[in-house]
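Count along the sequence shown starting at 1, add 1092, and that's the number in the numbering used here.
Shown next, in structure tokens, is the structure this report addresses.
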Amino acid sequence: MQKEDEQGKCGEEVKVALVHAAIHWKDKEKNLAKLLTLNEKAAGTGARIILNTELATAGYAFESRDDIAPLTETIPGPTTRAFGRITKQYECYICIGLPEVDPRTGVFYNAAALIGPKGRVLGRHRKVAPAFRENLWAARGNLPVLVAQTEFGKLGVMICADAYSYKPARAAALQGARLLLVPANWPPDHQNPEKFWRARAAENGIYVLACNRTGKDKSMDCRSAESFIIDTGGGVVRQFSSTDDSIVYGTLPLKNGKFISSAAEDILGRRRPHCYTNISLDTFSHFNPEFLLGLPEPADFTVATLQFRPVSRDPPANTEKMLKLIDEAAAMAAAEGFTLNLVILPELSATGIIFEQREAAKWCEEIPGPVTGAFTRKAEEKNIFIVLGMAERHAGKIYNSCVLIGPGGVEGKYRKIHLSTYEQKWAEAGEGEVSAFDLPFGRVGMLAGCDLMFPESADALAKLGTDVLCVPALWGDCESKFIWEARLGEQMHLAVANQWGDFGKFYAIGGSLIYSYSRYPEKRIKSESPAGGDKINIMRLCAKETREKRFLENIDYEVLLYMEGAT
1093 MQKEDEQGKC
1103 GEEVKVALVH
1113 AAIHWKDKEK
1123 NLAKLLTLNE
1133 KAAGTGARII
1143 LNTELATAGY
1153 AFESRDDIAP
1163 LTETIPGPTT
1173 RAFGRITKQY
1183 ECYICIGLPE
1193 VDPRTGVFYN
1203 AAALIGPKGR
1213 VLGRHRKVAP
1223 AFRENLWAAR
1233 GNLPVLVAQT
1243 EFGKLGVMIC
1253 ADAYSYKPAR
1263 AAALQGARLL
1273 LVPANWPPDH
1283 QNPEKFWRAR
1293 AAENGIYVLA
1303 CNRTGKDKSM
1313 DCRSAESFII
1323 DTGGGVVRQF
1333 SSTDDSIVYG
1343 TLPLKNGKFI
1353 SSAAEDILGR
1363 RRPHCYTNIS
1373 LDTFSHFNPE
1383 FLLGLPEPAD
1393 FTVATLQFRP
1403 VSRDPPANTE
1413 KMLKLIDEAA
1423 AMAAAEGFTL
1433 NLVILPELSA
1443 TGIIFEQREA
1453 AKWCEEIPGP
1463 VTGAFTRKAE
1473 EKNIFIVLGM
1483 AERHAGKIYN
1493 SCVLIGPGGV
1503 EGKYRKIHLS
1513 TYEQKWAEAG
1523 EGEVSAFDLP
1533 FGRVGMLAGC
1543 DLMFPESADA
1553 LAKLGTDVLC
1563 VPALWGDCES
1573 KFIWEARLGE
1583 QMHLAVANQW
1593 GDFGKFYAIG
1603 GSLIYSYSRY
1613 PEKRIKSESP
1623 AGGDKINIMR
1633 LCAKETREKR
1643 FLENIDYEVL
1653 LYMEGAT
């Protein structure tokens, strides 16, 4: 390891620090004294980027504006000036959460300030998604997501529950941020934030620092709360918890002195904004969104994922095997006293994985065609709906498609819009908006495999009132599979049917998943298949659970939907 100089530079790395401190409720003087000491210690040991917790100066649980009013201040103000003396002395950056008052209006915000090496405020972020009881005193943030230029490149700032939505982090990444700072006050007995913070990193290919707190607040026990350093693939570099005041150190790699992420360039470059414009629809703020969207009457229904290992390049054999699996699934549901309503089979389940154009040209078929005809007959026999993935030929082009089949034939199809590296060798990307389809028990949408890495696609379907997201998959990366569960943030039931097995150049990891959505985390149920073997997974779902969606709308859709080169 190279020796650090007094500035904390270490070759092509930058040292960072998370101040994981116990915050005393309503004791600003005590909190400031402690935090100034801890921040100076971190800066003195070479940390160039230092992150503190949400509402670090005040504590968290307040019941009214009057309750928190004595603790609010402006940005810039006394707190930022105090921390500015540290940043100026040690030439570092400090981010800290505090309750802000706008002097022009008297409105309060849950805010964070970023202070630079000259001791000045570089920018502030106002929390866009107030949570728990913050709504009793704090207004919803009215500023763009903070993206600040530093000597190491651009970094973004958002606060705690802002991470429930993909939008703030995506907006920051699209504006060039390659590091995201997240001050947090997230106790462990609330919904685990880890998957959200990891998802925001993986979806954007950026680093994430999430600084939580310890200690007890007025009504929250945060002694087991965790802070994280997360890499550009969503991997946990450091996961930390302590009942004592602590400083968590780490390093982030630099190239030519700047944050660098090839993952960000890859994943952001694969976005298809013209296919996402439905994310801008504000359908669920309507007083009766079900009427507005024309949603079918919600009902209970039974869904099954059929994990399956196809025989490469043998559609007839694969079709025969899948039809038998459907029979087995229907029998399993009946044994539990239910009628099977919806079945999801894997991506490219008719042909198996395809690597070359020549293979695709030989084994693809039109929709409708022989494969869809066989499944139509089975759907009619069992009175069910079937979603499967297959290679589609249409007008001289080949697509990686999902098709929805019912007793009356093909109900709809979706052509995959985000292609993997191997798919780009043989498939055309789909065009146009994603679509949802009405079935007797609810509205369904389809995506395929790695589409799940792009939250805009799921969000677009959710804005259309989709109740269950059906995902035929061919997924081979164990490290990124956690992103499946993160899609529950788009507020739909989720059913992912994955292939399994070794296909030479590719290994499919199985683990097919059904995850029921509810606004109440304790009511959510997950059922997951093992990594290997043909497996049937069955769950009873209710469309009514997905009808009370809430979306983060105070966001700049011009940033999220910007189409480069458009006129």
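Ideal Cβ placement from N, Cα and C applies to all residues, glycine included.
- Annotated as proximal: residue 1299 and residue 1293, with beta-carbon spacing under 8 Å.
- Taking each of 1618, 1416, 1519, 1130 in turn and checking the Cα distance to residue 1457, the smallest one comes out for 1519.
- Pairing residue 1599 with residue 1568 gives a Cβ-Cβ distance under 8 Å.
- The DSSP-derived three-state label of residue 1105 is strand.
- As for any alpha helix (DSSP H) of minimum length 4 sitting wholly inside the region 1439 to 1466, the runs are 1449 to 1455, ordered along the chain.
- In the DSSP assignment, residue 1320 falls within the unbroken beta strand (DSSP E) covering 1319 to 1322.
- Taken in chain order, the whole alpha helix (DSSP H) runs of length 4 or more contained in the region 1489 to 1571 are 1547 to 1555.
- Bridge pairing for residue 1216: 1205 [DSSP].
- Remark: three or more beta-carbon pairs, one from each stretch, lie closer than 8 Å, so the region 1143 to 1163 and the region 1181 to 1192 are flagged as touching.
- Secondary structure at residue 1325: coil, using DSSP grouped into helix, strand and coil.
- Boundaries of the alpha helix (DSSP H) around residue 1651: 1649 to 1652.
- As a beta-bridge residue in DSSP terms, residue 1185 pairs with 1141.
- Taking C-beta atoms under 8 Å as the contact rule, residue 1560 and residue 1395 qualify, at a distance of about 7 Å.
- Collapsing the DSSP output to three states places residue 1627 in a strand.
- Around the Cβ of residue 1344, a 10 Å sphere holds 16 or more other Cβ atoms; the residue is buried.
- Each residue's CA atom was taken as its position, placing residue 1351 and residue 1381 some 43 Å apart.
- Counting the other Cβ atoms within 10 Å of the Cβ of residue 1639 gives 16 or more, which makes it buried.
- The beta-bridge partner set that DSSP reports for residue 1485 consists of 1490.
- For the pair residue 1322 and residue 1133, the Cα-to-Cα distance works out to about 23 Å.
- Around the beta carbon of residue 1275, 16 or more other beta carbons sit within 10 angstroms, so the residue counts as buried.
- Beta-bridge annotation (DSSP): residue 1257 is not paired with any residue.
- DSSP places residue 1594 within a strand segment (E or B) once states are collapsed to three.
- Residue 1246 is bridged by DSSP to 1241.
- Residue 1124 sits in a helix when the DSSP states are folded into three classes.
- Where residue 1392 is concerned, the enclosing beta strand (DSSP E) starts and stops at 1392 to 1399.
- The residue from 1572, 1583, 1532 with its alpha-carbon nearest to that of residue 1549 is 1583.
- Per the coordinates, the alpha-carbon of residue 1137 lies some 32 Å from the alpha-carbon of residue 1201.
- No Cβ-Cβ contact shorter than 8 Å links residue 1375 with residue 1653.
- Close CB contacts of residue 1579 within its chain, under the 8 Å cut and outside five residues either way in sequence, are with 1544, 1547, 1550, 1561, 1586 (chain order).
- Residue 1308 has 1313 as its beta-bridge partners, per DSSP.
- Minimum Cα-Cα distance from residue 1157 among the listed residues 1104, 1230, 1175 corresponds to 1230.
- The C-beta distance from residue 1468 to residue 1501 rounds to 5 Å, short enough to meet the 8 Å contact threshold.
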